[in-house]
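Asker: Before we start, here is the structure in question, set down as structure tokens.
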Amino acid sequence: MAARIQNFVCQSCGAAYVRWSGRCDACGEWNTLVAEGAAVPRRATKGRLFVIEPLKGEAHEAPRAASGIAEFDRVTGGGLVRGSALLLGGDPGIGKSTLLLEVAAAFAGARHRAVYISGEEAIAQVRLRADRLGLTDAAVEIAAETGVEDIIATLSQGSTPRLLVIDSIQTMWTQSVDAAPGTVTQVRGSAAELIRFAKRTGAAAILVGHVTKDGQIAGPRVVEHMVDAVLSFEGDGSHQFRILRAIKNRFGPTDEIGVFEMTGAGLRQVANPSELFLSERELGSPGTAVFAGIEGTRPLLVEIQALVAPTTLGTPRRAVVGWDQNRLAMVLAVLEAHCGVRLSGHDVYLNVAGGLRIQEPAADVAAAAALVSSLAHAPLPSDAVYFGEVSLSGAVRPVAQTAIRLKEAQKLGFTRAIVPDAARAEAPDGVALSTLGTLANLVADIARDGTPALRRVGGQDRILG
Ligand code: TYD
Ligand code: MG
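Take the position in the sequence shown, starting the count at 1, then add 1191; the result is the number in my numbering.
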């Protein structure tokens, strides 16, 4: 028998080596080389002939099945597509298993066959959760299994499931690859088998993926490339609400979010997230501004909180939760350079209330307003919302979807909006607009309407600081 040829393949970039080493020379990743059997050249066989089609032709709308859980369906783009595979990532304990059991129950309720395979929990534990969710009577089929071949063999008998949940892909194990359970090669091999099963049968597969400390779905992204959609379930431990976000979606939008609240009896859908995120506002305290944001197609009002406090440190602290650190640094620099606001002697903390993470540059103006308000001890008007992007020159730039933002503000009882110049044309009735050409206008406004202590220095060149 010929000795088996070994090849060491980087699990991150796919480079192959004859010898193992700790670091992949091609991509620089550490500890990613795994022994894989080398591809043995086989005698070429005659190829099978297939039909080549013109581009023009009937394009069938991907057949979807909605779960009926609106927040979930929105993020998937209107339901699960037949034969597709979806990866759901999230921190341990965030509620992935809970969400998927509810989704499976919703499918079962619509008379679709839904199978939930748990590789992590015993059947009794899954039943206990179902009990807590009030889903004991749901027609979901469950099993505690980890062998991919066994799962596929079992599911190939009887009718094809419409939904197959694999919780989680890291616990699965396939005989088709020669690697220890839990390795990247196994995760990739198992995912490939399950995805092939989904494509072949038309079942929609949802794979649960654990997230590593740095936020990546473990099995260095290999699975992300293989699936049709990647969703992440986010939230922070100290808050009840959870955000379902699409990171990649071949069949739908990637900027939509679904909002849920974790309750004692499962996840509750939050139809109007703005109400939730604004529910704990402290009215009248300096350093808070309401940002009228957009997540996907939905407006979302959130409170941005800032604390600017004198520091004794040589290098003042700049800490930010829920927003981009670089964006904060830029806003601070613009305030210093163009608005006469001196912050170098102050620590700066910025927080998006409720544990939400926002990515829009449109939050610049709201963040700046909160910062200046805190520095000046000047509370901002409680019936005002803020949005607008700030450029490095200190100009306030227009942002997209102004009308939707303003309408949402109006709906929640806000009567004023501090916005870029260009938003003037889109004001709904009942919302008074203050338009800003530059960030310096905003600083001057806050100084003018601020507390008496601030007015005393208002006439000077340097308004604040
Ligand atoms: P789980 O779905 O097991 O998380 P994951 O699969 O992402 O690891 O949810 C775990 C947490 O959710 C756990 O801390 C308990 C809490 N929980 C509730 O608050 N209410 C509920 O109804 C359920 C089922 C769980
Ligand atoms: Mg789980």
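The beta-carbon is built from N, C-alpha and C at its ideal position, and this holds for glycine as well.
Fair warning: this is a prediction, and the values are worked out from it, not measured in the lab.
Give a single yes or no on whether Ser1423 has its beta carbon closer than 7 Å to a heavy atom of the ligand MG.
Answerer: Position 232 of the sequence shown, counted from the first residue, corresponds to residue 1423. Every heavy atom of the ligand MG is 7 Å or more from the Cβ of Ser1423, so no.
Asker: Should Leu1319 go down as buried or exposed, given a rule of 16 or more other Cβ atoms within 10 Å for buried?
Answerer: Counting from one through the sequence shown, the residue named residue 1319 turns up at place 128. It is exposed - the Cβ of Leu1319 has fewer than 16 other Cβ atoms within 10 Å.
Asker: Residue range of the beta strand (DSSP E) that Glu1494 falls in?
Answerer: Position 303 of the sequence shown, counted from the first residue, corresponds to residue 1494. Its beta strand (DSSP E) spans residues 1489-1501.
Asker: Taking Ala1613 as the reference, which of Thr1629, Asp1341, Met1453, Thr1374 has the closest Cα?
Answerer: Translated into the one-based positions of the sequence shown, residue 1613 becomes position 422. Out of Thr1629, Asp1341, Met1453, Thr1374, Thr1629 has the C-alpha closest to the C-alpha of Ala1613.
Asker: Hey, how far is the Cα of Val1225 from the Cα of Glu1312?
Answerer: For the purposes of this step, residue 1225 is taken as the residue at position 34 of the sequence shown. For the purposes of this step, residue 1312 is taken as the residue at position 121 of the sequence shown. Distance between the alpha carbons of Val1225 and Glu1312: 29 Å.
Asker: Should Glu1311 be counted as a contact of the ligand MG given a C-beta to heavy atom distance under 7 Å?
Answerer: Numbered from its first residue, the sequence shown carries residue 1311 at position 120. Flag set: Cβ of Glu1311 near the ligand MG.
Asker: Which class does Gln1460 belong to by DSSP, given the choice of helix, strand or coil?
Answerer: Within the sequence shown, the letter at position 269 stands for residue 1460. Three-state result, Gln1460: strand.
Asker: Have a look at Arg1548 and Glu1262 and give me their C-alpha separation to the nearest angstrom.
Answerer: Sequence index remark: in the sequence shown, residue 1548 carries index 357 (1-based). Sequence index remark: in the sequence shown, residue 1262 carries index 71 (1-based). Rounded to whole angstroms, Arg1548 to Glu1262 spans 18 Å at the Cα level.
Asker: Taking three-plus beta-carbon pairs below 8 Å as touching, is the segment 1504-1524 in contact with the segment 1536-1550?
Answerer: Judged by Cβ distances under 8 Å, the segment 1504-1524 makes contact with the segment 1536-1550, as three or more pairs qualify.
Asker: Considering only their Cβ atoms, is the gap separating Pro1570 from Gly1475 smaller than 8 Å?
Answerer: Within the sequence shown, numbered from 1, the residue matching residue 1475 stands at position 284. Within the sequence shown, numbered from 1, the residue matching residue 1570 stands at position 379. Yes, these two residues count as a Cβ contact at 8 Å.
Asker: Check whether the segment 1295-1303 touches the segment 1468-1485, counting contact only when three or more Cβ pairs, one atom from each stretch, lie closer than 8 Å.
Answerer: Result no; under three Cβ-Cβ pairs closer than 8 Å.
Asker: If Arg1518 sits next to Asp1555, beta carbons under 8 Å apart, how far is it from one beta carbon to the other, in whole angstroms?
Answerer: On the sequence shown, position 327 is the one that residue 1518 refers to. On the sequence shown, position 364 is the one that residue 1555 refers to. Arg1518 to Asp1555, Cβ: 7 Å. Contact.
Asker: Let me know the secondary structure DSSP gives Leu1467 once reduced to three states.
Answerer: Residue numbering aside, residue 1467 sits at position 276 when the sequence shown is read from its first letter. Here Leu1467 sits in helix by DSSP.
Asker: Decide yes or no for the touch test of the segment 1361-1371 against the segment 1284-1291: beta carbon pairs closer than 8 Å, at least 3 of them.
Answerer: In short, these stretches do not touch, since the Cβ pair count stays below three.
Asker: Let me check understanding here. Comparing Cα to Cα, which of Ala1437, Pro1464, Ala1394, Met1363 lies closest to Arg1379?
Answerer: To locate residue 1379, count along the sequence shown from 1; it is residue 188. Ranking Ala1437, Pro1464, Ala1394, Met1363 by Cα distance to Arg1379 puts Met1363 first.
Asker: So, Ala1594 versus Glu1617, is the Cβ gap smaller than 8 Å?
Answerer: Here the question's residue 1594 lines up with position 403 in the sequence shown. Here the question's residue 1617 lines up with position 426 in the sequence shown. Contact: yes.
Asker: Assign Asn1632 to one of three DSSP states: helix, strand, or coil.
Answerer: Taking the sequence shown and counting its residues from 1, one reaches residue 1632 at position 441. Helix at Asn1632.
Asker: Identify the residues that DSSP records as bridge partners of Gly1338: which are they?
Answerer: As a working note, residue 1338 is residue 147 in the sequence shown. According to DSSP, Gly1338 bridges with Trp1364.
Asker: Can you tell which of His1416, Val1414, Met1453, Leu1492 has the C-alpha that lies nearest to the C-alpha of Ser1429?
Answerer: Working through the sequence shown from its first residue, we reach residue 1429 at position 238. The shortest Cα separation from Ser1429 among His1416, Val1414, Met1453, Leu1492 belongs to Met1453.
Asker: Taking the C-alpha atoms as reference points, what is the distance between Val1331 and Leu1355?
Answerer: Residue mapping note: residue 1331 aligns to position 140 of the sequence shown, counting from 1. Residue mapping note: residue 1355 aligns to position 164 of the sequence shown, counting from 1. Answer to the nearest angstrom: the Cα atoms are 10 Å apart.
Asker: I think Ile1308 touches Asp1358, with their Cβ atoms under 8 Å apart; what is that distance to the nearest whole Å?
Answerer: If you number the sequence shown from 1, residue 1308 lands on position 117. If you number the sequence shown from 1, residue 1358 lands on position 167. The Cβ separation is near 7 Å, so the contact holds.
Asker: How close, in whole Å, do the beta carbons of Arg1588 and Pro1611 come, if the pair is a contact with beta carbons under 8 Å?
Answerer: As a first step, residue 1588 is located in the sequence shown; it is residue number 397 there, counting from the start. As a first step, residue 1611 is located in the sequence shown; it is residue number 420 there, counting from the start. Rounded, the Cβ-Cβ distance is 6 Å, consistent with contact.
Asker: Here's a check: name, in chain order, each residue in its chain whose Cβ is nearer than 6 Å to the Cβ of Glu1695, leaving out the five neighbours to either side.
Answerer: The structure shown does not extend to residue 1695, since the chain is modelled only from 1192 through 1656, so no value can be given for it.
Asker: Beta-carbon within less than 7 Å of Arg1459's beta-carbon, same chain only, minus the 5 sequence neighbours each way: which residues are those?
Answerer: Counted from its first residue, the sequence shown places residue 1459 at position 268. The answer, listed in chain order, is Phe1451, Glu1452.
Asker: Identify, in the order they occur along the chain, each residue of the same chain with its Cβ nearer than 7 Å to the Cβ of Thr1392, setting aside the five sequence neighbours on each side.
Answerer: In the sequence shown, the residue the question calls residue 1392 occupies position 201. Cβ within range, chain order: Thr1351.
Asker: Taking 6 Å as the limit between beta carbons, can you name the residues of its chain near Ala1334, skipping five residues before and five after?
Answerer: Locating residue 1334 in the sequence shown gives position 143, where the first residue counts as 1. Taken in chain order, the residues that qualify are Ile1308.
Asker: Can you pull the DSSP bridge partners for Lys1439?
Answerer: As a first step, residue 1439 must be located in the sequence shown, where it is residue number 248. Answer is Val1421, bridged to Lys1439.
Asker: Should Asp1419 go down as buried or exposed, given a rule of 16 or more other Cβ atoms within 10 Å for buried?
Answerer: Start at 1 with the first residue of the sequence shown, and residue 1419 comes out as number 228. The residue in question, Asp1419, is buried, as its Cβ has 16 or more Cβ neighbours within 10 Å.
Asker: Hey, how far is the Cα of Cys1215 from the Cα of Val1634?
Answerer: Working through the sequence shown from its first residue, we reach residue 1215 at position 24. Working through the sequence shown from its first residue, we reach residue 1634 at position 443. Going by the C-alpha atoms only, they are around 51 Å apart.
Asker: Quick one: what's got a C-beta closer than 6 Å to Ala1483's C-beta in the same chain, skipping five residues either side?
Answerer: Position 292 of the sequence shown holds residue 1483. Cβ within range, chain order: Leu1492, Val1576, Phe1578, Arg1596, Ala1600.
Asker: So Ala1608 and Leu1624 are supposed to be a Cβ contact under 8 Å. How far apart are they, rounded?
Answerer: As a working note, residue 1608 is residue 417 in the sequence shown. As a working note, residue 1624 is residue 433 in the sequence shown. Contact holds; Cβ gap of about 5 Å.
Asker: Report the three-state DSSP secondary structure of Glu1551 (helix, strand or coil).
Answerer: For the purposes of this step, residue 1551 is taken as the residue at position 360 of the sequence shown. DSSP places Glu1551 in coil when its eight states are reduced to three.
Asker: Measuring only the C-alpha atoms, how far is Gly1400 from Leu1279?
Answerer: If you number the sequence shown from 1, residue 1400 lands on position 209. If you number the sequence shown from 1, residue 1279 lands on position 88. Near 6 Å, if we compare the C-alpha coordinates of Leu1279 and Gly1400.
Asker: Regarding Asp1358 and the ligand MG, is the C-beta to nearest heavy atom distance less than 7 Å?
Answerer: Within the sequence shown, numbered from 1, the residue matching residue 1358 stands at position 167. Within the cutoff, so yes.
Asker: Less than 7 Å separating the Cβ of Arg1472 from some heavy atom of the ligand TYD?
Answerer: Here residue 1472 is taken as the residue at index 281 of the sequence shown, counted from 1. No.
Asker: Can you check the segment 1547-1625 for any beta strand (DSSP E) of at least 3 residues that lies completely inside it and give the ranges in chain order?
Answerer: With a minimum length of 3 residues, the continuous beta strand (DSSP E) runs that stay inside the segment 1547-1625 are 1575-1577, 1607-1611.
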